[in-house]
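S.K.: Residue numbers (the working numbering): 5 to 511.
Even for Gly, the Cβ is constructed at its ideal location relative to N, Cα and C.
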Ligand code: XMP
């Protein structure tokens with residue numbers, strides 16, 4: 005597979021460059037800016053992109069790539085800070101300029117390669133405080149804006165390009181085409197990053213794993229896809245464990261088991277641990293304590309399972325690329341099989357190595373892999389669900405009554421959103437319940453029941469979220485059904501707090 009390497013100098017947009025490149029089927033990987041030349045050669049990229057960053061090149065301690073990176077003979081594209089690094093490295097001059105933030109008109113001075121097909125000008129998104137004052141010899145200006153006379157430069161002999169603006173953000177007109185011109189026409193990378201290739205190469209890589217692999221199944225798409233890839237590679241040496249903790253959505257425990265048993269030839273064990281989870285949670289009101297208890301109980305059950313069914317050399321996890329990058333675990337070019345202990349709170353005495361087949365994928369790519377592996381759409385499209393389950397959606401103590409209200413009401417919320425065509429448009433939709441009660445009236449009788457809290461949010465990445473402006477008719481149907489169909493529910497409230505300052509889950 006042909007690869008493009010993106011050097012991360014700390015810009016919030018670095019990730020987006022990889023996303024955009026993968027969109028046109030070339031594999032791109034984000035690596036630390038100071039990756040050694042040996043490691044870079046091991047990756048064997050077709051080209052290198054220097055991403056942006058907050059530093060100024062003339063500060064002594066500003067991040068710089070390794071000496072010799074330009075001598076590898078690889079095409080290089082510098083973006084924003086990366087552009088300034090190129091100017092500085094080849095003897096040009098970068099100066100502090102007037103801050104330029106937002107959309108500018110870039111005049112194309114040369115459209116022979118990087119800007120091929122761009123026409124005379126494009127809108128380009130700028131976000132910088134430094135600018136090239138003098139360009140290095142051997143370079144020519146291929147684009148300028150009113151404030152940046154050298155907003156785009158090229159050394160066509162060495163195939164080194166620098167652009168002051170950000171082609172990866174949507175505000176830059178035809179930005180993806182600029183990246184495509186660099187990756188396809190200048191680096192000559194093949195467009196061979198397809199889901200089929202990913203599956204084939206990942207399965208091949210996982211086949212090298214020796215010993216048995218344990219995979220915890222949550223019912224979510226990530227752990228399911230991870231398990232299916234491993235199963236394809238090592239068959240029965242993979243054992244999947246699904247813990248029914250009693251805190252799942254209505255009937256989810258059966259749906260997950262049926263899906264695995266009916267669709268996949270995976271070695272699958274369902275452990276009924278409802279009693280142990282619920283008894284440990286009895287009397288506990290504090291949200292953090294509840295989370296801790298659920299976490300500890302999972303570990304307890306996994307430990308018992310490994311003692312009875314082990315030894316297991318590997319623990320599979322459905323970790324995705326953004327988690328790898330955000331947790332800082334990524335130390336340059338890692339293999340699919342990464343050996344590190346004690347990840348995600350695993351006790352070190354379990355002494356298992358971690359297998360993360362999805363560690364280079366984004367969520368939408370996982371969905372595509374799921375489709376290719378035959379995972380039913382119903383699972384692929386289901387909303388995310390927190391690890392500690394309904395324990396975080398029940399405010400105060402988890403009691404059988406509140407648990408039942410929460411499950412039934414959430415099912416009504418999901419069903420009504422599906423019916424109204426809203427389910428796939430929102431990030432999450434559920435009902436929560438606490439100890440607050442209110443008076444209602446049913447027929448001639450007074451009913452003193454729970455206040456059910458309905459939460460529906462829009463979000464792109466769960467870091468921020470906005471409450472969903474559902475049509476009043478949909479809200480009305482949800483409310484009517486909850487109060488009519490659920491005995492213990494008297495009132496329904498709808499949450500209109502966004503994140504921040506609120507969070508998506510109540511606990
Ligand atoms: P908050 O409530 O922090 O949630 O706004 C953000 C997203 O994360 C999910 N969430 C969790 N997922 N384990 C998980 O796997 C957890 O402990 C957990 N807590 C929250 C939540 O559903 C939302 O999508």
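Quick check on the burial criterion: 16 or more other C-beta atoms within 10 angstroms. Buried or exposed for residue 404?
M.R.: Exposed, since its Cβ has fewer than 16 Cβ neighbours within 10 Å.
S.K.: Quick check on residue 230: does DSSP put it in helix, strand or coil?
M.R.: Here residue 230 sits in helix by DSSP.
S.K.: Just list the beta strand (DSSP E) runs in the region 8 to 80, keeping only unbroken ones of 3 residues or longer that don't cross its boundaries, in chain order.
M.R.: Here the runs fully enclosed are 31 to 36, 51 to 54.
S.K.: Taking the continuous beta strand (DSSP E) assigned at residue 437, which residues delimit it?
M.R.: Counting along the chain, the beta strand (DSSP E) containing residue 437 begins and ends at 432 to 446.
S.K.: Report the residue from 169, 264, 315 whose alpha carbon sits nearest the alpha carbon of residue 215.
M.R.: Of the listed residues, the one whose Cα sits closest to residue 215 is 315.
S.K.: Given that a residue counts as buried once 16 or more other Cβ atoms are within 10 Å of its Cβ, and exposed if not, what is residue 363?
M.R.: Buried: at least 16 other Cβ atoms inside 10 Å.
S.K.: Provide the residue(s) that pair with residue 184 in DSSP beta bridges, ordered along the chain.
M.R.: Answer is none; residue 184 lacks a bridge partner.
S.K.: For the 8 Å Cβ check, are there 3 or more pairs between the region 276 to 293 and the region 246 to 256?
M.R.: Judged by Cβ distances under 8 Å, the region 276 to 293 makes contact with the region 246 to 256, as three or more pairs qualify.
S.K.: Whose C-beta lies closer than 6 Å to the C-beta of residue 319 among residues of the same chain, with five residues either side of it excluded?
M.R.: Counting only Cβ-Cβ distances below 6 Å, and skipping sequence neighbours, we find 218, 356, 358.
S.K.: Taking all protein chains shown into account, decide if residue 448 is buried (16 or more other Cβ within 10 angstroms of its Cβ) or exposed.
M.R.: Exposed, since its Cβ has fewer than 16 Cβ neighbours within 10 Å.
S.K.: Assuming residue 112 and residue 147 form a contact by the criterion Cβ under 8 Å, report the distance between their Cβ atoms to the nearest whole angstrom.
M.R.: Yes, they are in contact, since the Cβ atoms of residue 112 and residue 147 sit about 5 Å apart, within 8 Å.
S.K.: With burial defined as no fewer than 16 other Cβ atoms inside 10 Å of the residue's Cβ, what is the status of residue 365: buried or exposed?
M.R.: That one is buried.
S.K.: Starting from residue 165, trace the beta strand (DSSP E) both ways and give me its first and last residue.
M.R.: That run of the beta strand (DSSP E) goes 164 to 167.
S.K.: With hydrogens ignored, establish whether the beta-carbon of residue 146 is closer than 7 Å to any heavy atom of the ligand XMP.
M.R.: Residue 146: no, Cβ never under 7 Å from the ligand XMP.
S.K.: Less than 6 Å between C-beta atoms, sequence neighbours within five positions excluded: which residues of the same chain meet that for residue 333?
M.R.: Any answer about residue 333 is weak, because its pLDDT of 41 lies below 50 and its placement is not dependable; what the coordinates show is given next. Hits under 6 Å: none found.
S.K.: Any heavy atom of the ligand XMP closer than 7 Å to the Cβ of residue 503?
M.R.: Within the cutoff, so yes.
S.K.: Give the secondary structure of residue 111 by DSSP, where H, G and I count as helix, E and B as strand, and everything else as coil.
M.R.: Residue 111 falls in the strand class under three-state DSSP.
S.K.: Can you tell me which of 454, 473, 409 puts its alpha carbon nearest to the alpha carbon of residue 427?
M.R.: Of 454, 473, 409, the residue nearest in Cα terms is 473.
S.K.: What is the DSSP secondary structure of residue 373, counted as helix, strand or coil?
M.R.: Three-state DSSP puts residue 373 in a helix.
S.K.: Judging by CA-CA distance, which residue of 327, 268, 451 is the nearest neighbour of residue 495?
M.R.: Checking every option, the nearest Cα to that of residue 495 belongs to 451.
S.K.: Leaving out five residues on either side along the sequence, give the residues of the same chain with a beta carbon under 6 Å from the beta carbon of residue 121.
M.R.: The answer is none, since no qualifying residue turns up.
S.K.: Check whether the region 200 to 216 touches the region 227 to 244, taking contact to mean three or more Cβ pairs, one atom from each stretch, closer than 8 Å.
M.R.: They touch, by the three-pair rule.
S.K.: For residue 29 and residue 202, what's the separation of their Cα atoms in angstroms?
M.R.: Looking at the two C-alpha atoms, the distance is approximately 11 Å.
S.K.: Can you check DSSP and say which residues form a bridge with residue 130?
M.R.: According to DSSP, residue 130 bridges with 106.
S.K.: When we look at the beta-carbon of residue 88 and count the other beta-carbons within 10 Å, is it buried (16 or more) or exposed?
M.R.: Counting Cβ neighbours within 10 Å, residue 88 comes out buried, since at least 16 surround it.
S.K.: Using a Cβ-Cβ cut-off of 6 Å (strictly less than) and excluding sequence neighbours within five positions of residue 94, which residues of its own chain qualify?
M.R.: Excluding residues within five positions, the ones whose Cβ falls inside 6 Å are 140.
S.K.: Beta carbon of residue 295: closer than 7 Å to some heavy atom of the ligand XMP?
M.R.: Yes.
S.K.: Ordered along the chain, which non-local residues of its own chain (more than five positions away) have a Cβ less than 7 Å from that of residue 509?
M.R.: Excluding residues within five positions, the ones whose Cβ falls inside 7 Å are 390, 396, 397.
S.K.: Can you tell me whether residue 321 sits near the ligand XMP, meaning its C-beta is under 7 Å from at least one heavy atom of the ligand?
M.R.: No.
S.K.: Taking only three categories from DSSP, how would you classify residue 241?
M.R.: Here residue 241 sits in helix by DSSP.
S.K.: So the beta strand (DSSP E) residue 147 belongs to, where does it begin and stop?
M.R.: Residue 147 -> beta strand (DSSP E) spans 144 to 148.
S.K.: Check the DSSP bridge columns for residue 498 and list the partner residues they point to.
M.R.: According to DSSP, residue 498 bridges with 458.
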